[in-house]
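Counting in the UniProt record's numbering, the sequence shown runs from 1 upward without gaps.
By construction, the Cβ of each residue, glycine as well, lies at the ideal position given by its N, Cα and C atoms.
Computed from a predicted model, the values in this text were never measured in an experiment.
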Amino acid sequence: MDHVLSIHKSSSLDSTSHSPTGGGTVPTQNDYLLLPVSAHSDSQLGLVTSDTPLHAAGVKVKNIAQDPWCNHSDISNIVSKIKESNTNNKDNLVLHGSVEKKISPSFLRASSFFQDTSGQYSIDNPSYAGGGWGSVGGVITSVIGLDTLFSGNWTSPGHVAHDYRGVFVSNSADIGNNMIGRPLNDAENQKYGDIVHDRVKHCIKHMGFKNGPSQGWDEAMGIILPDLAHSQAAKDYLNSLYQSALNMPISDNALNADMNALANKQASMFEIRSDVTHSAAEQEVIAGFYKNLANYSASDGQIHRWEDALANGSATYDSMRDVIGHGGEARNGVIGLYSRLANVSVSEGQIQGWQNVLANGSATYDSMRDAIGHGGETRNGIIGLYSGLANVSVSEGQIQGWQNVLANGSATYDSMRDAIGHGGEARNGIIGLYSGLANVSVSEGQIQGWQNVLANGSATYDSMRDVIGHGGEARNAIIGLYSSLANVTATEQDIQNWQGVLANGSATYDSMRYGISHGWEAQGAITGLYSSLTNAAATEQDVQSWQGVLANGSATYDSMRYGIAHGWEAQGSITGLYASLANVTATEQDIQNWQSALANGSATYDSMRYDISHGWEAQGAITGLYSSLTNVAATEQDVQSWQGYLANGSATYEKMRYTIGHGWEASNAIAGLYSSLANVTASEDQIHSWQEGLGNGSDKYSDVRYEIGHGWETRAAINGFYSSFANVTASEAQIKSWQDGLGNGSITYNDVKYDIGHGWEAGLALKTTFQFTTGEQMDDATLKQYEDNMTASGSLNTTDSEIVHSSLALTQLQTVYDEWGQLPPDSGALQNAEIAIYNLSHAWIVVAQQKTSDWVAEASAYQAIAGTASYGQLVENISISMQQATSLLASALSDPLMNAASTSEDFRNIVVKGGASLFEAVIDQEDVENNIQAVRQEGDGTPCEPANFKKAHSQDVLNCQIAAVNATPGLYMAGQATDKWANGIQWRSAGGNPQQQGNPFEVWDAQRLKKEGYEWLADYNADRSNWKAFDAWDSNTQVAVSDKTIDLKASSYQVMYKIQGRLLSDVEAMLRYQRDGGFYRYNDDSGKVGKQVSFERDNISHYVLDLGVPSEPTADQWKAICLALQKAKKRVALQPDTAMKTIDFQVKDVI
């Protein structure tokens, strides 16, 4: 049902809530449902919208008409009347319009509200839910317009009654259609119109104009509707409905129930028709037609379409049978029966004839099958099958029996042919042909084989006789007779002649034996045996006597050759066959058995060779060759083929070994070994060479596998894995271990690849790269992931590249630039940094395994760039060459000159830490190396007087003073308590570490500079613990101070140009500075809380390197420091952006 407006009992409804989805719940059967439709619609109370949820709930509604010009306030008035009525008798509920607001003349009366009648309609006992009255086409009396209801011009009861009569007559067609299935005729209009006139007039007289008309109308309907419902016209329509839809009369019970439903306004004739045509009984009728006429299961769609056609009157029971009987399903049924029962094609005339009798009801699918099954076509088919398959005449009883099972559907032509083909007649025919044509007993397998092809229609008795007559058994029989009777080989012409007469049925084995026994071949055999065995000439009587017994089958050539069969010639034949076919020595028992068989005629040389070829010895020889030469199991086909070749004499053991050794299995096995063991493609020469050895018996598969497994190809593969996965060289022991596994077949190339890719060497390489680039330890899960990736890609380089380009590595590289006091690097700088750290990580794998002498050699290969190079250039220098990276790491180990490491042990600790710290340390070493080269190239320049320089640029400081400052309670450097350095400076050459050497000096110097107005930059929380490049800043004088210590007692600084290189590198770090800043890091009472210090390169006017050295530097060392300052001043003056700045060294000689 369609709905546009629902009024829920338990909720209010304003004039705008006219959509069923307008916020309320889905109505149920107990809801008031209001549906406005156009009063001018041509359709019978046509519905105007569709509401799926309500429709799915099965709710039916009573329509309340509304002219298109009626507004929502009119509907609200109707709603209010419904809600105010508070009555359970909704059938008698009359909704009057508001007196204050006149409703359209087409305002209608709501007679009732429909209830749910969902569920299957029972044709025997139909029932309808009480309280509602509806129909498929609309409500019978739900809406009848009373145009003059409140017109104000009524003058008399008769006038009003006349108007009501007119309304009834104008709607009588709808009433008639809904009650008796047709419009009311003139007589009925006259009769029932009078009732309306009478009751309306009567009630107005007694109740007045206000209530009288509606009461009169209700009384009239209470008379008219039951009268129509129980009329003969209603009965006739209902009975014709059952006949046309179900081909049955309506039962008294159903008739009474339907008439009562009409009388009580529970249903209309439209609804009853729809229910009957959509009932379960109707569905059975439709499905039954398809089944009974076409042996076809109707689809739901086909059933529903027929239900709808019956419901709308476009089909009847008879027309439906006619359409289905002439339909495609029935046509296919007819064609299928002729094909399945008689194996014939049906004519168009036969098809039309059968469809006609199906359509008129005089035949069904079953009766059609019975008629065809007992027809002439099937009789001929039965007779033909027995004759064609078994060469026998079928009895009348057999014919009738088969026709019966064809007719009742339990057999088809194919199943009948199958049964006859597998029956006793066909079996006897097969046995008789083999016996009569070839004198052999047919095997059960042969019988079943022939019966199968007879049964499936691919053979007949004649074609079977032809095949057997020309078959191997008949051929052998012919050859055998010539051999056994005359000891000669039948010519091909002899064989073809005899097979021809056997195949066409003009000869049998017995008649053939008689003819051969009396031929010239048998006569020659007889005379020959006499001559060779007795050295006597056979008499004419002897010849005739032997021909007689040969012809009647009581003697053979074999019985005459008994003595020969036990001679040495036969013995030699037997032992030779075992040797040549199976490569074994015949036992004495084998010889005796075969001699007996030859002597008694049960064997010939050929049959003996056949049996030995098919024996267990030859089978073992064949399977053994495949296994030992190709490492594959011989297939059943392989065994049978070779046994066939051995049996027919076309092969020997030696030839078989040669052929298998040169076959595709051996070729594939050799190629497979090269592929699975070394991942290479074997050359044609390699395959041929190995096949020669296999073919002549000098090699086996295991020999080939061992040799390839220990060959140069696998060695190269193993070395390649160690090199590409771990960047190391495989040891001989490792190579041997892997090759042993490959050679004995316990592992493959892929196993070696996986195991090395997941071995400790590869793991160390990956961990090293990860630690180098990220500064973190690689956990097991991450290691496994990278090992898998590396094994898949086949290269450590590819996997290392993934690590270097990871977000963790990127963060470390960005940190390096930040800690240098540089602007954030662009993409090109970051790419160079990634390549540089990649080169360093791979270089470390090499350097870490080298000795000191190797480091020195590697370090000497470093190609220095300018001492004034930028950080970007320093990074780029490492990125362009793996050798540069290797040389720098070797330099850091053999001659560490970094601020963060003064021994190889220090540097190894930095390597363990990895990440930004490692990268900065290597760049620092590179910077020093570049400046050392610059010093060498530049020379000393202006002479320096050590004494004068010392006097002008140094002061003595007691280490105990430094210690005392560091021991000050509450003193912190970058958040760390300084009392950990309360012992003062611990020089690295005396056992201290870089922090114990540098930090105490910075703390002391900072306290000194604070007194002079400097800010200690460690007090300010920059991006890292220590400020970039500088340690103190005086914003007033624009002086930036960098604190450094250099352990001049260390062996490296006994070389003067190394001192200069180290100091100039520190100078370059100051000159490269761009900017830094931070807020005061402590929350104390210093007055600096919240203060920010920041300065950029352009803010600096003067650079100071406060340098702490152990007492007492040598004169050469003072000179080196002096020369470094000279070069520093020169660099400051020559650089455009520092030309107006100055620089100085202040040396603290720590005593």
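Contact under 7 Å by Cβ, residue i with residue j
i, j, result
"Met-1056", "Ala-1120", "yes"
"Val-1104", "Asp-1144", "yes"
"Phe-772", "Ser-723", "no"
"Ser-613", "Gln-643", "yes"
"Ile-224", "Ile-250", "no"
"Lys-950", "Trp-820", "no"
"Arg-705", "Ile-735", "no"
"Tyr-121", "Gly-181", "no"
"Ile-478", "Ile-495", "yes"
"Lys-700", "Phe-721", "no"
"Cys-944", "Leu-1134", "no"
"Phe-770", "Ile-803", "yes"
"Thr-1142", "Gly-915", "no"
"Ala-486", "Ala-525", "yes"
"Ala-426", "Leu-389", "yes"
Bridge-paired residues (DSSP) for residue i
i, result
"Glu-1096", "Arg-1075"
"Lys-1127", "In the DSSP output, where bridge partners are listed per residue, Lys-1127 has none listed."
"Lys-201", "Beta-bridge pairing links Lys-201 to no other residue."
"Ala-342", "For Ala-342, which the question treats as bridged, DSSP gives no partner whatsoever."
"Val-1109", "Asp-1149"
"Asp-1043", "Asp-1106"
"Glu-1015", "Trp-1033"
Residue i in three-state terms, based on DSSP
i, result
"Asn-679", "coil"
"His-776", "In the sequence on display, residue 776 carries Glu and not His. Coil at Glu-776, not helix or strand."
"Phe-949", "helix"
"Ser-458", "coil"
"Gln-976", "strand"
"Glu-84", "Note that Glu-84 scores 46 on pLDDT, short of 50, meaning its location in the model is unreliable and no value can be drawn from it."
"Trp-546", "helix"
"Ala-621", "helix"
"Gln-1146", "strand"
"Pro-896", "coil"
"Gln-1038", "coil"
"Gly-720", "helix"
"Thr-955", "Here residue 955 turns out to be Gln, not Thr, going by the sequence shown. Correct three-state label for Gln-955: strand."
"Tyr-514", "helix"
"Tyr-296", "coil"
"Ala-503", "helix"
"Tyr-1080", "strand"
"Gly-131", "With a pLDDT of 40 at Gly-131, under the threshold of 50, the modelled position of this residue cannot be trusted; read the value that follows with caution. Here Gly-131 sits in coil by DSSP."
Expected contact under 8 Å - CB spacing of residue i and residue j to nearest Å
i, j, result
"Arg-475", "Gln-499", "7 Å"
"Glu-732", "Tyr-674", "So it is not a contact: roughly 23 Å between Cβ atoms."
"Leu-625", "Met-656", "6 Å"
"Ala-411", "Tyr-365", "16 Å between Cβ atoms; not a contact."
"Ile-1006", "Ala-1018", "Inspection of the sequence shows that residue 1006 is occupied by Ala rather than by Ile. Right, the Cβ-Cβ distance comes to about 7 Å (below 8 Å), so this counts as a contact."
"Leu-406", "Tyr-317", "Between Tyr-317 and Leu-406 the Cβ distance is about 32 Å, and since that is not below 8 Å, they are no contact."
"Arg-331", "Tyr-413", "That belief does not hold up - the Cβ atoms of Arg-331 and Tyr-413 are roughly 20 Å apart, past 8 Å."
Proximity test, residue i beta-carbon vs the ligand PLP heavy atom, cut-off 6 Å
i, result
"Ser-559", "Ligands are entirely absent from the displayed structure, and the ligand PLP is therefore not among its contents."
Nearest neighbour of residue i, chosen from the options [CA to CA]
i, options, result
"Ser-573", "Met-560, Val-549, Ala-555 and Thr-604", "Thr-604"
"Val-1147", "Thr-1037, Glu-1002, Gly-1090 and Ile-1100", "Glu-1002"
"Val-856", "Ser-904, Val-1039 and Ile-660", "Ser-904"
"Gly-709", "Leu-677, Tyr-701, Leu-830 and Ser-683", "Leu-677"
"Ser-214", "Asp-252, Glu-926, Arg-165 and Asp-186", "Arg-165"
"residue 1190", "Asp-1034, Ala-287 and Asp-318", "Since the displayed the chain opens at 1 and closes at 1151, residue 1190 lies outside it and no answer follows."
"Tyr-862", "Gln-831, Asp-895, Gly-872 and Gln-849", "Asp-895"
"Asp-755", "Phe-725, Ser-441, Ala-666 and Pro-126", "Phe-725"
"residue 1155", "Glu-654, Leu-385, Leu-481 and Ala-599", "This structure leaves residue 1155 out entirely; the chain is present only between 1 and 1151."
"Ile-591", "Leu-581, Tyr-610 and His-566", "His-566"
Residue-chain proximity (residue i, chain B), Cβ-Cβ < 7 Å
i, result
"His-566", "Annotation note: the requested chain B is absent from the structure, which comprises a single protein chain."
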